[in-house]
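Protein chains in written order, with our numbering: chain A, 633 to 795; chain B, 102 to 679.
Glycine is no exception: its CB is placed at the ideal position from the N, C-alpha and C atoms.
A short worksheet on the structure shown next.
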Amino acid sequence: MRHMVSVLVENKFGVLARISTLFAARGFNIDSLTVSETEDSAISRMIIVVKGDCSILEQVTKQLNKLVDVIKVNDFNGAGCIERGVALIKINVTRSSRTEIIKLVGVFRARVIDISQDSMIVEITGDEDKINAFMKVVMPYGIKETCRTGFVALGGGHLAGTK
Amino acid sequence: MLELSGAKILIESLLKEKVEVVFGLPGGQALPIFDAIYGSTLNFILTRHEQAASHMADGYSRSTGKPGVFIVTSGPGATNIVTGLGTAYMDSVPIVAITGQVATSVIGQDAFQEVDTIGITRPVTKHNFLVKDVKDLAKTIKESFYIATTGRPGPVLIDIPIDVQRAVHEFVYPKEVEIRSYKPNNSGHPVQVKKAVDIINNSERPVLYVGTGVVISNAESEIFEVSKKADIPVTNTLLSIGVYPCDSDLSLGMLGMHGTFCANKAVQAADVIIAIGARFDDRCTCKVCDFAKTAKIIHIDIDPTAISKVVDVDIPVVGDAKTVLKEMSVLIEKKERKNWSKLINKWKTEQPLSYDRNDNNLHPQYVIEKISELTKGEAIIVTEVGQHQMWSAQYYKAKRPRLFLSSGGLGTMGFGYPAAIGAKFGNPDKEVIVIAGDGSFQMNMQEMAVAVLNDVSVKVVILNNQYLGNVRQWQEMFYGKRYSHSCLAKRKKCPQWCNTPDRNRCPVYVPDFVKWAESYGTLGIRVTDKKDVIPAIKKMIETKNSVVVDVWIEKEENVFPMVPTGSSLDDVITRISG
Ligand SMILES: Cc1ncc(C[n+]2csc(CCOP(=O)(O)OP(=O)(O)O)c2C)c(N)n1
Ligand SMILES: [Mg+2]
């Protein structure tokens, strides 16, 4: 099961290591991770995406809470949250496929940001499902390279479902 | 304005924290600190090994309830304390550890005696700090003591680079601590407390399962009150020995792998288990899925991560044991539980702890019983790890908490002797006795120098079976008596296969612990005969200085009862069949 854990921490050196150690010690692979300062520069927010057994994750969440530098932990699993990630995808293009791909880019509200003879780079923003779906439809044209960010997320109970 | 070097700030801060004694050993990257100690009023005790310093601080803390402190150098000094930190971490002992570190300008360059102390000690400390600026030092020390001693206590380490020790800054020791991300919760949630009490009031066969948390929060009188009022029997763990009077009808004794028959029976038959400050360690629960199957489980603990970690809990109450027990005791109904008491009494008399009392062999249990009688359960007993530890737990009748110290969670051989020295520093008027295995004692016996040179009298009783006895017992029971590397007397000339020990034919055991003691100018006594046990213990107690009593016990004595790994608490073995 995919979990998105939001952790508010003191913005200090070594905090990331403490947190990743907790996951590593239990053999959890972190799928993605973002860290950034919040509106208060003394506090950072980490968004950690992991897959794993719910009960083990509950234990990890409690242990995150126990870390002295951790201020607050939220497991967004199932609860309404808005998530966004960015992916850059370099796709093979030919003269004949170019328009088709640009159409797909439009449908997904992605953007073409670079274009050359035989490839184009597309930037897409969205939640994991949307990015995955886009990757799937462009896969047949041939993906040369991709680079994805981790996800940023905020809880927004009343917005749940509108994504 | 008072301007001091970082090193002096450290010493002044320790004095402000009213630290009575600091253990440790110097080295290059801690020299400014040791220079600041020179001529200060800080009571510093030089140990012979940094591991021992960490255990001394631990023993001091367990026996007094105050935080233990030690100071060591960087690199090898820091790596040597990892076992001590792990030991304290597992058993929730408050410690503030100080390590020297290479200068901030060369950190990360593989400088001489540089290791990533923060990285190495992260998993075995409650928290750790690298102080990169002298202006943060006093605040960090204040926070370290606060973190170590509050909530679920544990070791906190402060790594201080040598340039920070030398740098000068104004010294103001903070009065208050405010850490927004660290706020331990002491009182239980009233709704949870109420739910727990309702279940207890409606139960027929409740059992109180009390752990270290009760010792830490000094809740022994609250436990006593609740158990008496509601007629609830009490079982303890290795680390909560002495919390409940063992001569009471309601005392079940220790539960678990080497626990009493009656404690294990009671837990398995209970309809409610009230766990307080206990963490369902696997040595207590044995096979988890069969643990207390018929019981609702109430778990009171200050550490939310302890709850539902091992066993699914029905009613969690997060809070300090003493506070929550006080809240509960008002609501708990006075009650008698005649049928339950009857059943428990039956189990008690059916299979009490026992060994062969009538033969003339020198049984270790007999030695402990006599120590218990002759000290009236008032001495501080510190054990090493192995069979002797379990016999001590079973047969020493400690009168109060903090009189039985043992490495439980980590099971650290070599803990006992230095921890006892630390305990004696904290309790100069108390008799402190180490019950040691011959194997474990050899892991830190060099610390006798510390005891002798500081006029600290610690008595050592070695239950000498010439084996890593605990390992040998498992090999006897589960590995077809193949005594692989568990014999401590084995020499090159011995047959490769040997499982027929005979003191008269086996090679001479080294070291001779009596001569060893004498080489430090202390008394050594050897006991090889049952009739000499009582006189030797009396002599040991009468002697003012340190004493080592080397007792040659039955070599193949086993610890029983025993629940083998993987079995449930119902499957108690009481002897080896056949
Ligand atoms: C540092 C360490 N190494 C290894 C062990 C594994 N171990 C547990 S008990 C034991 C034997 C202890 O022998 P001894 O001190 O003579 O006690 P006995 O069991 O004979 O009473 C060993 C090797 C341990 N607990 N700690
Ligand atoms: Mg032994």
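**OP:** Using the Cα positions of ALA698/B and ILE242/B, report the straight-line distance between them to the nearest angstrom.
**Re:** Summary: the structure shown does not reach residue 698/B, with chain B confined to residues 102 through 679, and so no result is reported for it.
Original post:
VAL639/A and ILE688/A: beta carbons closer than 8 Å?
Top reply: Against the first sequence, residue 639/A aligns to sequence position 7. Against the first sequence, residue 688/A aligns to sequence position 56. No, Cβ-Cβ distance for VAL639/A and ILE688/A is not below 8 Å.
Original post:
Between the stretch 213–237 of chain B and chain D, which residues of the former have a C-beta closer than 8 Å to a C-beta of the latter?
Top reply: The structure shown contains no chain D; the protein chains it does contain are A and B.
**OP:** Please confirm whether any heavy atom of ligand 2 lies closer than 7 Å to the CB of ALA610/B.
**Re:** One-based indexing of the second sequence puts residue 610/B at position 509. Per the sequence shown, the amino acid found at residue 610/B is Tyr instead of Ala. Flag unset: Cβ of TYR610/B not near ligand 2.
Original post:
Cβ of LYS762/A less than 8 Å from any chain B Cβ?
Top reply: Sequence index remark: in the first sequence, residue 762/A carries index 130 (1-based). No, because no Cβ of chain B sits closer than 8 Å to the Cβ of LYS762/A.
Original post:
Under a CB-based cut-off of 8 Å, is VAL769/A close to chain B?
Top reply: As a first step, residue 769/A must be located in the first sequence, where it is residue number 137. Chain B, which has no Cβ nearer than 8 Å to the Cβ of VAL769/A, makes this no.
**OP:** Please find out if some non-hydrogen atom of ligand 1 comes closer than 7 Å to the beta-carbon of GLN488/B.
**Re:** For the purposes of this step, residue 488/B is taken as residue 387 along the second sequence, with counting starting at 1. Yes, the Cβ of GLN488/B comes within 7 Å of a heavy atom of ligand 1.
Original post:
Along the chain, where does the beta strand (DSSP E) that runs through TYR496/B open and close?
Top reply: Position 395 of the second sequence holds residue 496/B. Premise fails: TYR496/B lies in the alpha helix (DSSP H), 488–496, not in any beta strand (DSSP E).
Subject >> Positions along the stretch 701–719 of chain A whose CB lies within less than 9 Å of some CB in chain B >> reply: ASP701, VAL702, ILE703 and LYS704
Subject >> Test: ARG650/A CB closer than 8 Å to a CB of chain B >> reply: On the first sequence, position 18 is the one that residue 650/A refers to. Taking Cβ atoms only, chain B reaches closer than 8 Å to ARG650/A, which makes this a yes.
Original post:
Listing by chain order, which chain B residues have their CB less than 9 Å from the CB of THR731/A?
Top reply: Taking the first residue of the first sequence as 1, we reach residue 731/A at position 99. The premise fails here: THR731/A is roughly 53 Å from chain B at the closest Cβ pair, so nothing lies under 9 Å.
**OP:** Measuring only between beta-carbons, confirm whether GLY782/A sits less than 8 Å from chain B.
**Re:** Locating residue 782/A in the first sequence gives position 150, where the first residue counts as 1. So no, GLY782/A is outside the interface.
**OP:** Taking only beta carbons into account, state which residues of the stretch 639–670 of chain A come closer than 9 Å to chain B, listed in chain order.
**Re:** LEU640, VAL641, GLU642, PHE645, GLY646, ALA649, ARG650, THR653 and ALA657
Subject >> Inter-residue Cα distance where the pair is VAL562/B and ILE638/B >> reply: The residue given as residue 562/B occupies position 461 in the second sequence. The residue given as residue 638/B occupies position 537 in the second sequence. Cα to Cα, VAL562/B sits roughly 9 Å from ILE638/B.
Subject >> Straight-line Cα distance separating ASP761/A from GLY793/A >> reply: In the first sequence, counting from the first residue as 1, residue 793/A sits at position 161. In the first sequence, counting from the first residue as 1, residue 761/A sits at position 129. Low confidence applies to GLY793/A: its pLDDT is 44, below 50, so where it sits in the model is not reliable, and the reading given next is rough at best. Rounded to whole angstroms, GLY793/A to ASP761/A spans 13 Å at the Cα level.
**OP:** Compute every distance between the C-beta of GLY538/B and the non-hydrogen atoms of ligand 2, then say whether any falls below 7 Å.
**Re:** Taking the first residue of the second sequence as 1, we reach residue 538/B at position 437. True, at least one ligand heavy atom lies under 7 Å from that Cβ.
**OP:** Check whether the Cβ atoms of THR629/B and VAL553/B lie closer than 8 Å to each other.
**Re:** Along the second sequence, read from residue 1 onward, the residue named residue 629/B stands at position 528. Along the second sequence, read from residue 1 onward, the residue named residue 553/B stands at position 452. Not closer than 8 Å, so no.
Subject >> Range covered by the beta strand (DSSP E) that runs through PHE145/B >> reply: Here the question's residue 145/B lines up with position 44 in the second sequence. Here the beta strand (DSSP E) through PHE145/B covers 145–147.
**OP:** Answer with yes or no whether the minimum CB distance from GLN749/A to chain B is below 8 Å.
**Re:** Here residue 749/A refers to the residue found at position 117 of the first sequence. Closer than 8 Å: no.
Subject >> Backbone secondary structure at THR484/B - three-state DSSP >> reply: Here residue 484/B is taken as the residue at index 383 of the second sequence, counted from 1. Reduced to three states, the DSSP call for THR484/B is strand.
Subject >> Same chain only: Cβ atoms within 7 Å of PRO405/B, ignoring 5 sequence neighbours per side >> reply: Here residue 405/B corresponds to residue number 304 of the second sequence, with the count starting at 1. Answer for PRO405/B: VAL419, listed in chain order.
Original post:
Which one or two residues does DSSP pair with TYR568/B in a beta bridge?
Top reply: Position 467 of the second sequence holds residue 568/B. Answer is CYS588/B, bridged to TYR568/B.
**OP:** Use the C-beta contact count for ASP651/B: other C-beta atoms within 10 angstroms, 16 or more gives buried, fewer gives exposed.
**Re:** Within the second sequence, the letter at position 550 stands for residue 651/B. That one is buried.
Subject >> Bridge partners - PRO417/B, DSSP secondary structure assignment >> reply: Locating residue 417/B in the second sequence gives position 316, where the first residue counts as 1. Note: PRO417/B sits in a beta bridge opposite HIS400/B.
Subject >> Residues in the stretch 405–423 of chain B having any Cβ partner in chain A nearer than 7 Å >> reply: PRO405, THR406 and LYS410
Original post:
Where ARG765/B and CYS363/B are concerned, what is the direct C-alpha to C-alpha distance, given to the nearest angstrom?
Top reply: Residue numbering for chain B in the displayed model covers 102 to 679; residue 765/B lies beyond these limits and cannot be assessed.
Original post:
Does the beta carbon of LYS722/A come closer than 8 Å to any beta carbon on chain B?
Top reply: Position 90 of the first sequence, counted from the first residue, corresponds to residue 722/A. False, the Cβ-Cβ gap to chain B never drops below 8 Å.
**OP:** Could you tell me whether any Cβ in chain A is nearer than 8 Å to the Cβ of TYR610/B?
**Re:** Working through the second sequence from its first residue, we reach residue 610/B at position 509. No, TYR610/B does not count as interfacial toward chain A.
Subject >> Top-ranked residue by Cα proximity to VAL368/B, from ASP299/B, SER669/B, ASP217/B and PRO168/B >> reply: For this step, residue 368/B is matched to residue 267 along the second sequence. Minimum Cα distance to VAL368/B is reached at SER669/B.
Subject >> Endpoints, beta strand (DSSP E) assigned at PHE230/B >> reply: One-based indexing of the second sequence puts residue 230/B at position 129. Segment 228–231, the beta strand (DSSP E) holding PHE230/B.
**OP:** Throw me the rounded Cβ distance for the SER430/B and GLU326/B pair, which I believe falls under 8 Å.
**Re:** Sequence index remark: in the second sequence, residue 430/B carries index 329 (1-based). Sequence index remark: in the second sequence, residue 326/B carries index 225 (1-based). That pair is a contact at about 5 Å.
Subject >> Under the three-state DSSP convention, the category VAL673/B falls into >> reply: Taking the second sequence and counting its residues from 1, the one referred to as residue 673/B is at position 572. Coil at VAL673/B, not helix or strand.
**OP:** Please name the residue, chosen from HIS464/B, THR675/B and ASP421/B, that lies closest to PHE661/B on a Cα-to-Cα basis.
**Re:** Taking the first residue of the second sequence as position 1, residue 661/B is located at position 560. If we check each option's Cα against that of PHE661/B, THR675/B comes out closest.
**OP:** Report the rounded CA-to-CA distance for VAL667/A versus LEU699/A, giving the unit in angstroms.
**Re:** In the first sequence, counting from the first residue as 1, residue 667/A sits at position 35. In the first sequence, counting from the first residue as 1, residue 699/A sits at position 67. About 17 Å.
**OP:** Could you tell me whether the Cβ atoms of ARG604/B and SER587/B are closer together than 8 Å?
**Re:** The residue labelled residue 604/B in the question sits at position 503 within the second sequence. The residue labelled residue 587/B in the question sits at position 486 within the second sequence. Not closer than 8 Å, so no.
Subject >> Among SER620/B, LYS593/B and VAL615/B, nearest to PRO608/B - alpha-carbon criterion >> reply: Here residue 608/B corresponds to residue number 507 of the second sequence, with the count starting at 1. The candidate whose alpha carbon is nearest that of PRO608/B is LYS593/B.
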